[in-house]
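If you read the sequence shown in my numbering, its first letter stands for residue -9, the second for the next number, and so on. Step one of this worksheet: look at the structure below.
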Amino acid sequence: MKKNKMFYLSLTLVLGGLLIFQPSYNKDDGPVNEPQYLSLGFPRLDYNHDLYYLLDDEARSIEIIFSETVDPGTVTSNISLSDKTGSLDSDYDFVISEKVVVLVFHQDFILKDGWKYDLILTTGLVSTSG
């Protein structure tokens, strides 16, 4: 009886060890795709004190240049501008051309001197390559 228990204990330890330490592998043996992130820049804005971009209150647009061509279908729902009163989505339109996205302010919209504006980009914004 004691040999039976030792056998089952040994078998359990061996099988458990195989399951726990089983090497992982890629089924198709192809390269693992790492997520790639878009980088961006604001060519017409000054970056001050390594903290913020300075937007002139007389500006009529904000130009964003991305590292890759942006999927136009993901722009309007994933880029937004707001101030302390809330969303400004009704005060601008998007002009999209490959790697460049421009927020063009409507004629009747004026930026207020000294106000903080937040440009929010969410993870749903993707390039045409995914």
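Using N, Cα and C, we set each Cβ at its ideal position, and we do this for glycine too.
Bridge-paired residues (DSSP) for residue i
| i | result |
| --- | --- |
| VAL85 | VAL92 |
| ASN54 | Reading the sequence as shown, one finds Ile at residue 54 and not Asn. DSSP, once it has assigned bridges, lists VAL91 as partnering ILE54. |
| LEU111 | ILE69 |
| SER117 | VAL60 |
| LEU44 | ASP36 |
Residue nearest to residue i in terms of C-alpha spacing, selected from the options
| i | options | result |
| --- | --- | --- |
| GLY114 | GLY63, TYR37 and LYS89 | GLY63 |
| ILE123 | VAL60, THR66, TYR37 and GLY31 | A question about residue 123 goes unanswered here, because the residues of the chain that appear run from -9 up to 120. |
| GLU48 | ASP103, ASP40 and SER119 | ASP103 |
| ASP98 | HIS39, SER51, LEU45 and SER87 | SER51 |
| SER119 | THR112, PHE56, ILE110 and TYR82 | PHE56 |
Cβ-based burial, residue i [other Cβ within 10 Å; buried from 16]
| i | result |
| --- | --- |
| LEU93 | buried |
| ILE100 | exposed |
Contact belief for residue i with residue j at Cβ below 8 Å, rounded distance in angstroms
| i | j | result |
| --- | --- | --- |
| VAL60 | SER117 | 6 Å |
| GLU58 | LYS106 | About 29 Å separates the two Cβ atoms, so there is no contact after all. |
| TYR27 | LEU35 | Incorrect: roughly 21 Å between the Cβ atoms, too far for contact. |
Beta carbon proximity, residue i to chain B, threshold 8 Å
| i | result |
| --- | --- |
| TYR43 | Any reference to chain B falls outside this structure, which holds one protein chain only. |
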